[in-house]
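Position one of the sequence shown corresponds to residue 62 (our numbering), numbered consecutively onward.
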Amino acid sequence: MTNTNDLSSRINDKYKSMSKGQKLLAAYIMDNYDKAVFLTAAKLGTVVGVSESTVVRFATNLGYKGYPEFQQALEELVRNKLNSIQRMEVTYGRISQSKILETVLQSDTENLKGTLENLNQGAFELAVDTILKARNIYVIGVRSCASLASFLAFYLNLMFEQVHLLHTGSSSELFEQMVRIGSEDVVIGISFPRYSMLTLKAIEFASNRNARVITLTDSVHSPMNLYSSCSLIARSDMASIVDSLVAPLSVINALVVALCMKKQNEVVGTLEMLEKIWDEYQVYENDEVGPAENSVTMRYI
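So this is what it looks like as structure tokens:
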């Protein structure tokens, strides 16, 4: 099914009716989207050899309100299409060696701000309510998102009895772990560009079994949202060899805190039991550093 919100689809649909200048823009963008995404309307016009007004008309002709909205759609295209090598080339082209720390932290800060401004509060509350009512909770995230899935599952396990962190060695193994999923269950799928087909298959399977699906992804246009009953949107870095998952992790933190507030008694009970176990089996005691001592010493059994 064609996504009419996809920039490439819009260009293909409108191409025959475009002016000569607009066709030049279309060709340049489709061949050089990784470069075009960083250009202003005036600069893009200069590169292609058309006026700035032609660039703006090109954007509105495609159905966008103006060049800024068109550029957002171009960012979506880049997120979905850049491979790892292209991401690295784009990153090296826009960050100087002396400003790596400043640039990366500033980018993460902007991702957090953008997420806070655009995250739907109603969707967040629905996610909390859906998890609270679930019989079984399944969590899936692969590749760089595996760390997010593991983090979320760890804390969910302190609050709920039936939490399943799905292992994704193969499709058959994945479905075997989900074979009993049903309408009383929920699956939380985490995926950011480049989107994982394995995660998409998992949430499709869950949806077909009438389970509730919560997705944590980067855009309303993400394919992860095809099967979700509740979508949490968090911004990730647009083009980098390292995926920026600061904002998604912050959303997970908020989700965990909200659930803890709803299940305070259960959490306290679990932590009290764990503290006794940790003390009994000296889980932490043996490798603690004595804070009040003048010298650093390690305690062993």
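C-beta: ideal position from N, C-alpha, C; glycine also.
CB residue i to CB residue j, shorter than 9 Å?
| i | j | result |
| --- | --- | --- |
| Val224 | Val248 | no |
| Val317 | Leu217 | yes |
| Ala195 | Cys291 | no |
| Met220 | Val328 | yes |
| Ser233 | Tyr256 | no |
| Arg296 | Asn172 | yes |
| Gly82 | Val108 | no |
| Glu265 | Leu287 | yes |
| Ala272 | Ser289 | no |
| Ser311 | Thr170 | no |
Who are the Cβ neighbours of residue i in its own chain at under 8 Å, not counting the five residues just before and after it?
| i | result |
| --- | --- |
| Lys251 | As written in the sequence, residue 251 is Ile, which differs from the Lys given in the question. Contacts found: Val200, Ile201, Gly202, Cys206, Leu209, Ala210, Leu213, Thr260, Thr276, Leu277, Thr278, Pro309. |
| Asn84 | Residue 84 is actually Lys in this sequence, not Asn. Counting only Cβ-Cβ distances below 8 Å, and skipping sequence neighbours, we find Tyr76. |
| Ile313 | Leu209, Phe212, Leu213, Leu277 |
| Leu135 | Leu68, Ile90, Tyr94, Ala97, Val98 |
| Leu306 | Ser205, Cys206, Ser208, Leu209, Phe253, Ser297 |
| Glu137 | Asp67, Leu68, Ser280, His282 |
| Leu332 | Leu219 |
| Glu341 | none |
Going by DSSP, what residues sit across from residue i in a beta bridge?
| i | result |
| --- | --- |
| Ile72 | Ile72 is not bridged to any residue. |
| Thr276 | Gly250, Ser292 |
Mind checking residue i: buried by the 16 CB within 10 Å criterion, or exposed?
| i | result |
| --- | --- |
| Asp92 | exposed |
| Gln132 | buried |
| Leu335 | exposed |
| Ile198 | buried |
| Val8 | Here the chain has residues from 62 to 362 only, and residue 8 is not among them. |
| Thr229 | buried |
| Asp246 | buried |
| Met322 | exposed |
| Ala88 | exposed |
| Val139 | buried |
| Val344 | exposed |
| Ile338 | exposed |
| Ala300 | Bear in mind that a pLDDT of 48 at Ala300, under 50, signals an unreliable position, so the model cannot answer this. |
| Tyr125 | buried |
| Leu123 | buried |
| Leu166 | exposed |
| Met258 | exposed |
Got a sec? Which residues, its chain only, sit under 7 Å from residue i by beta carbon, not counting five neighbours each side?
| i | result |
| --- | --- |
| Val116 | Leu86, Ala102, Leu105, Gly106, Tyr128 |
| Ala188 | Ile275, Cys291, Leu293, Leu316 |
| Lys262 | Ser232 |
| Ser268 | Val274, Tyr288 |
| Lys324 | Met220 |
Point to revise | Unbroken stretches of the alpha helix (DSSP H), 4 residues or longer, contained in the stretch 161–242 | key: 161–179, 182–194, 207–217, 232–238
Exercise for review: Identify every run of the alpha helix (DSSP H) within the stretch 87–117, keeping only runs that are complete inside it and at least 4 residues long; order them along the chain.
Suggested key: 94–97, 102–109
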